[in-house]
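Here's the structure we're looking at; comments come further down.
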Amino acid sequence: MKKIAIFSAMMCCAALMAGCGNKSAEAEKPWIVDRFDDVKVIRYEVPAFEQLPLEEKILIYYLSEAAKCGRDILFDQNFKYNLAVRRTLECIRENYTGDRETAEWKALEKYLKKVWFANGIHHHYSNDKFTPEFSQAYFEEVVATIPAEKWGELEALRPEVIRSIFDPEFAPSRLNQAADVDVIAASANNYYGEGVTQAEAEAFYAAMVDPKDPQPISYGLNTRLVKDEKGNLKELVWKVGGLYSPAIEQIVFWLRKAEAVAKEPQKSTIASLINYYETGDLREFDRYNVMWVKDTVSNVDFVNGFIENYGDALGFKSSWEAVVNFRDEEACHRTEVISKNAQWFEDNAPIDDRFKKKEVKGVSAKVITVAQLGGDCYPATAIGINLPNADWIRKEHGSKSVTIDNITYAYDKAAQGNGFLEEFMLRAEDRERLAKYGKLSDDLHTDIHECLGHGSGQLAPGVTGTELRNYSSTLEEARADLFALYYLGDEKLVELGLIPSLETAWAQYSKYIMNGMMTQFSRIELGKNVEESHMRNRKLIAEWCYEKGKADNVIEWVKQDGKSYVVVNDFKKLHQLFGELLHEMQRIKSEGDFEAGKAIVEAYAVKIDPALHQEVLERNAALKIEPYGGFVNPDIELVEKDGEIVDVKISYPADYTAQMLHYSKNYSFLPTINE
Ligand code: ZN
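Right, here's the structure in full:
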């Protein structure tokens, strides 16, 4: 998996914790700055930015400017007329002097907000075209009130803009991967020119690939494939002097400034990226990626380029994106401590000695703080990054895998007060514990799961690891989760200074059980089983512990005012039960016991009680929580004195519309139509 995508529909429960402390002086400012349709816009803060050395702050400033300069590229990549639609609506928004209180005007404003959020007229996640809630007649009426000189080149594009917004048959989907269609003709994205068919594109790249090349370039990654006047296929390269040149020149301008202040090896890495942008040479892009992945010393790091190919049905073309970040020292320290003690955790695990690794090496995960998002990472972003994508580079040089802590933190903050916890968590003491320790317990749960859990244990002689077949990922996730849950409740963590007390574990326990036995069902359609392996694993663990602890009333179903709640009565016993189940999970894996694995999954992980399922869906729907989230960027500015940069200031604007208009005015470099 290249990216860890997150949106709150998928993280109803991950997002419900409070933060672990006061990270900000601006704590009173609301975290959610805007909401419309199925989207909420959140601001994020950049803790520890002020403490960075001045030269690193300046580097972040230059890289952040470069991150903003490619915004138009993504709009154009997503659909040929996206810039025309955006600019037309922005022109209306700026110049309309009529009534701004009518329902139709509000609908027009909302539509523009959606276009900004999705970087185009198609939903960022479903890829379906937005349906306007204002009429074409209203649109034309408003347009007619605006003086002709305001329109410029947009006037001539009016018919295409109207079709794009109002004709549901025109470009209905940005990305259509159905098996029975020409995926290029059926997708509205702008990666292939007029009249190029799927068969032609596939043949074009099949002819280009050298199957014997051990280090193949990412063919077609940075081009649009078009037909010339004679009908022959050719690539228009996205580079300085090629397609998107005006925006790429600006990106290069800021990268040069960054190169000038960066230290080696980062200086050479940036130089290589500039060279690639100037030549469009994909071998240079690979050289850049190798240098980038090998650089594990630079505190400030960044992504800037054509990176992910999710937007192209054939998977050749990559969308432009940018992220600027630096190391989160505190969080990195946490994973280092865990990793250093890996052998202790292995030796003391509640599993059979035969299945313990004699020598275990923990993985230390890198945690970063994001300072700026751009292109396909803005406003909606992932919470983790794993790059580069080229398989041969990953094999020969590895990859960088990071999680983004301040974005997760902002998601958590935004989820507070949405009513979810009050609705589903019965006891005030459990909610308070979560408010205090939720973020820390969640981070540690992930750290132990990733740094130790998956790598722990060993197979019995003769077992290959393939025996568990279709149950293997559920069982493996359960094993890693149990390793984390068990050790969260162990005094060793207090001793290592990772948690203040076991209260941190109890916060995670009450939430985990509630999620596994109840609230996660809000993401599943009524009548369906649990299919996804992480969801199965959570249900398996919670239901197994419920049943095994029944005699001692460890976990209890409570009915109050006609609503169901699940509560944990005995955290210490639950800790023990996690240990017992881990023992069995390790045995199943180590012995490759397919029958036992199948039996435990089918008994506890799959079937949902229909009455409970319906209740959860109804209660969750009543909360009206937006399933998608995105972010406004902080503003980063240079402070100069007598021509010298003396400081770099960061601030946290809370106005989504103002930021979008600001970017459209100051970071918009491309013509409306790019051919
Ligand atoms: Zn896992």
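What the sequence shown shows, in this note's numbering, is residues 610 to 1284, in sequence order. Glycine is no exception: its CB is placed at the ideal position from the N, C-alpha and C atoms.
Measure the beta-carbon distance from residue i to residue j and round it to whole angstroms, keeping in mind my assumption that it falls under 8 Å.
| i | j | result |
| --- | --- | --- |
| V912 | E887 | No, V912 and E887 are not in contact; Cβ-Cβ is about 19 Å, not under 8 Å. |
| V1225 | S1131 | 5 Å |
| Y671 | V870 | 7 Å |
| D921 | I1002 | Contact flag wrong, Cβ pair sits at about 20 Å. |
| V805 | L852 | Not quite, the Cβ-Cβ distance comes to about 15 Å (not below 8 Å), so this is no contact. |
| H731 | R783 | 4 Å |
| R1145 | T1083 | 4 Å |
| G971 | C1060 | 5 Å |
| V1307 | P988 | Since the first and last residues shown for the chain are 610 and 1284, residue 1307 lies out of range. |
| K1285 | G802 | Examination of residue 1285 is not possible in this model, given that the chain is present from 610 through 1284 alone. |
| L1149 | Y1213 | 5 Å |
| G914 | L891 | Not confirmed; about 11 Å, so no contact. |
| I682 | A867 | That pair is no contact at about 19 Å. |
| V818 | N831 | Incorrect: roughly 16 Å between the Cβ atoms, too far for contact. |
| A951 | D1052 | Rounded, the Cβ-Cβ distance is 18 Å, inconsistent with contact. |
| T754 | Y720 | The pair is not a contact, with the Cβ atoms about 18 Å apart (cut-off 8 Å). |
Excluding five sequence neighbours on each side, which residues of the same chain lie with their C-beta closer than 7 Å to the C-beta of residue i?
| i | result |
| --- | --- |
| E1032 | R1228 and L1232 |
| D1264 | V642 |
| G983 | A676, K677, G679, R680, E930 and A931 |
| N898 | P997, A999 and I1002 |
| T1075 | none |
| T878 | Y897, M900, W901 and D904 |
Any idea what DSSP makes of residue i, helix, strand or coil?
| i | result |
| --- | --- |
| K731 | At residue 731 the sequence reads His, which differs from the Lys that was named. H731 falls in the strand class under three-state DSSP. |
| E1284 | coil |
| W953 | helix |
| S927 | coil |
| Q786 | coil |
| G1239 | strand |
| A871 | coil |
| E654 | coil |
| I1002 | helix |
| Q660 | coil |
| Q1268 | helix |
| R644 | strand |
| Y801 | strand |
| F915 | strand |
| V946 | helix |
| T990 | coil |
| G1066 | coil |
| N631 | No answer about N631 holds up, because its pLDDT of 38 lies below 50 and its placement is not dependable. |
| G850 | coil |
| Y1155 | helix |
| Y1174 | strand |
| L1232 | helix |
| V969 | coil |
| R1042 | helix |
| T1073 | coil |
| V818 | coil |
Starting from the C-beta of residue i, find all residues in its chain whose C-beta is less than 8 Å away, skip the five residues before and the five after it, and write them out in chain order.
| i | result |
| --- | --- |
| C659 | The question names Cys, yet the displayed sequence has Glu at residue 659. For E659, where only same-chain residues beyond five positions count, the Cβ hits under 8 Å are I1259. |
| V1248 | I1254, V1255, D1256, V1257 and K1258 |
| N785 | N736, V792, A795, S796 and A922 |
| A757 | E764 |
| G630 | Any reading at G630 must be qualified, since the residue scores a pLDDT of 36, below 50, and its modelled position is unreliable; the value itself is stated next. Excluding residues within five positions, none has a Cβ falling inside 8 Å. |
| V655 | T978, V979, A980, N1015, P1243 and I1259 |
| M620 | Below a pLDDT of 50, predicted positions are generally treated as unreliable, and M620, at 31, falls in that range; no measurement from the model is reported. |
| G924 | N918 |
| K1172 | E1224 and R1228 |
| V1072 | S1199, E1200 and G1201 |
If I measure Cβ to Cβ from residue i and keep anything under 6 Å in the same chain, skipping five residues before and after, which residues do I get?
| i | result |
| --- | --- |
| Q807 | D791, V792 and I793 |
| M1269 | W725 |
| G1206 | L1077, Y1080, L1084 and I1197 |
| H1184 | G1098 |
| L717 | F743 |
| Q859 | C678 and F1278 |
Examine chain C for any beta-carbon lying closer than 7 Å to the beta-carbon of residue i, and answer yes or no.
| i | result |
| --- | --- |
| L1111 | Of the protein chains in this structure there is only one, and it is not chain C. |
Problem set entry | Cβ contact (3+ pairs, closer than 8 Å) linking the region 683–691 and the region 863–876 | Contact between the region 683–691 and the region 863–876 is absent: fewer than three C-beta pairs spanning the two stretches fall below 8 Å.
For this session: Under 6 Å from any heavy atom of ligand 1, by CB: list those residues in chain order, please.
Result: Result: H1058, H1063, E1086 and A1089.
Exercise. On the three-pair Cβ rule with 8 Å, is the region 1052–1069 touching the region 1081–1092?
Worked result: With the cut-off at 8 Å, the region 1052–1069 and the region 1081–1092 touch.
Exercise. Contact between the region 714–726 and the region 688–699: three or more CB pairs below 8 Å?
Worked result: Enough Cβ pairs lie closer than 8 Å, so yes.
Problem set entry | Stretch pair the region 1002–1011 + the region 967–977: three plus CB contacts closer than 8 Å | With a cut-off of 8 Å, the region 967–977 and the region 1002–1011 count as touching, because enough Cβ pairs lie within range.
Exercise. Pairing CB atoms from the region 1048–1059 with CB atoms from the region 932–950, are three or more of them under 8 Å?
Worked result: Yes: the two stretches touch, three or more of their Cβ pairs being nearer than 8 Å.
Problem set entry | Touching by the beta-carbon criterion (3+ pairs, under 8 Å), the region 1107–1117 and the region 1150–1160 | Because the criterion of three Cβ pairs below 8 Å is not met, the region 1107–1117 and the region 1150–1160 do not touch.
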